[in-house]
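A.B. asks: Numbering (the working numbering), first residue to last: 41 to 368.
The structure is given below, and queries will be raised subsequently.
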């Protein structure tokens, strides 16, 4: 892939972020310019992300604070090697950050990196806006609990007004309409659990309120399912061209649309897993597998502004394969 210029050792990256307790890695020249996470930052700086510049010995590394020219020497035992390099794209970093949010990974090191990396995908801003909307709900719930008698009509009316003015759902729908289903489903999955739990936790004795919040959530879920099904059922030139070259090819991209949210969650996981595997599949030696994984990845991304490079890479390769096959 163009956005990953170096081949990554497969065994070293079975998971996309090393756990903080991972076995100490042995660094070599392939790791130069790799981004590292400091377990314990230097006393003089709170910055956690650095770029490997030189390997001094098996235990000491010379690094540069990300985005600066300031150097520091760190112990290999104090760093977590990330799969990203200094020139890794913002799109790639946010892909892993969103996957970490969706799968509730802690710590989510790619998310921390995305927040300081001058993101140009719009995803970090969307996450920030979503977090602000969630905080507003939390603050309003606290206000309602404090200022209205428990289980009263006044409290119920205040909660109904809060639910009707919920801004989080519009942010989810906006992400979906822009074609970024990775972002949309990540936001919705958090809403479906975290926000609904706020109502069930604090207003268990008010079933009408909980039901209203759940109906709001269900309406959004059904809209997402319908819109995603419509997206998959539309004619798609990339899939059509790929099947012309490889008529027997099948993948997630060729399956029927999901009919339930659990199936849609499964599509998310499988599509993202295909994205994670792209650097381990050779488009030269196994072009069909590579192309199918690309189509799986594009299921959640095609048409979004952040997927332009991925789409271009696929299209260039398909043109090359079509020319090689002698097809008109």
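Even for Gly, the Cβ is constructed at its ideal location relative to N, Cα and C.
Applying the 10 Å Cβ sphere with the 16-neighbour rule, what's the burial state of residue 135?
C.D. replies: By the Cβ-count criterion, residue 135 is buried, with 16 or more other Cβ atoms from all chains shown falling within 10 Å of its own Cβ.
A.B. asks: Under 8 Å: do the region 236-246 and the region 355-365 share three or more Cβ pairs, one atom per stretch?
C.D. replies: no
A.B. asks: Measuring straight from C-alpha to C-alpha, what distance separates residue 157 and residue 261?
C.D. replies: 32 Å
A.B. asks: Exposed or buried, what is residue 312 when buried is set at 16 or more other beta-carbons lying within 10 Å of its beta-carbon?
C.D. replies: buried
A.B. asks: Could you check what DSSP says for residue 121 in three-state terms: helix, strand or coil?
C.D. replies: In the displayed model, residue 121 falls within a strand according to three-state DSSP.
A.B. asks: With 16 other CB atoms within 10 Å as the buried threshold, where does residue 325 fall?
C.D. replies: exposed
A.B. asks: Ignore the nearest five residues each way along the sequence and tell me which others in residue 173's own chain have a CB closer than 6 Å to its CB.
C.D. replies: 207 and 208
A.B. asks: Going by C-alpha to C-alpha distance, which of 161, 133 and 164 sits closest to residue 150?
C.D. replies: 133
A.B. asks: For residue 93, name the three-state secondary structure that DSSP assigns.
C.D. replies: strand
A.B. asks: Excluding the five sequence neighbours on either side, which residues of its own chain have a C-beta within less than 8 Å of the C-beta of residue 190, listed in chain order?
C.D. replies: 245
A.B. asks: Is the beta carbon of residue 318 closer than 8 Å to that of residue 282?
C.D. replies: Remark: C-beta atoms of residue 282 and residue 318 do not approach each other more closely than 8 Å.
A.B. asks: Express the C-alpha separation of residue 161 and residue 339 in angstroms, rounding to a whole number.
C.D. replies: 18 Å
A.B. asks: Quick one: measure Cβ to Cβ for residue 184 and residue 166, integer angstroms, because I've assumed they're closer than 8 Å.
C.D. replies: The pair is not a contact, with the Cβ atoms about 27 Å apart (cut-off 8 Å).
A.B. asks: Confirm, please, whether the CB-CB distance from residue 73 to residue 125 is below 8 Å.
C.D. replies: Taking 8 Å as the Cβ cut-off, residue 125 and residue 73 qualify as a contacting pair.
A.B. asks: Within this structure, are the beta carbons of residue 114 and residue 91 separated by less than 8 Å?
C.D. replies: Contact: no.
A.B. asks: Looking at C-alpha atoms only, which residue of 122, 66 and 107 is the closest neighbour of residue 78?
C.D. replies: 122
A.B. asks: Per DSSP, what are the beta-bridge partners of residue 235 in this structure?
C.D. replies: Answer is none; residue 235 lacks a bridge partner.
A.B. asks: Just to confirm the assignment: which complete alpha helix (DSSP H) runs, minimum length 4, are found wholly within the region 246-323?
C.D. replies: Look at the region 246-323 and you find these whole runs of alpha helix (DSSP H), each 4 residues long or longer: 247-273, 277-285 and 301-317.
A.B. asks: Restricting to Cα atoms, I'd like to know which of 320, 314 and 321 is closest to residue 341.
C.D. replies: 314
A.B. asks: How far does the alpha helix (DSSP H) with residue 226 in it extend, from its first residue to its last?
C.D. replies: 221-230
A.B. asks: What residue ranges within the region 116-194 form continuous alpha helix (DSSP H) runs of no fewer than 4 residues, ordered along the chain?
C.D. replies: The region 116-194 contains these whole alpha helix (DSSP H) runs: 130-142, 149-155 and 163-187.
A.B. asks: Taking the alpha helix (DSSP H) that residue 338 falls in, what are its first and last residues?
C.D. replies: 327-338
A.B. asks: Kindly indicate the opening and closing residues of the beta strand (DSSP E) around residue 76.
C.D. replies: 74-78
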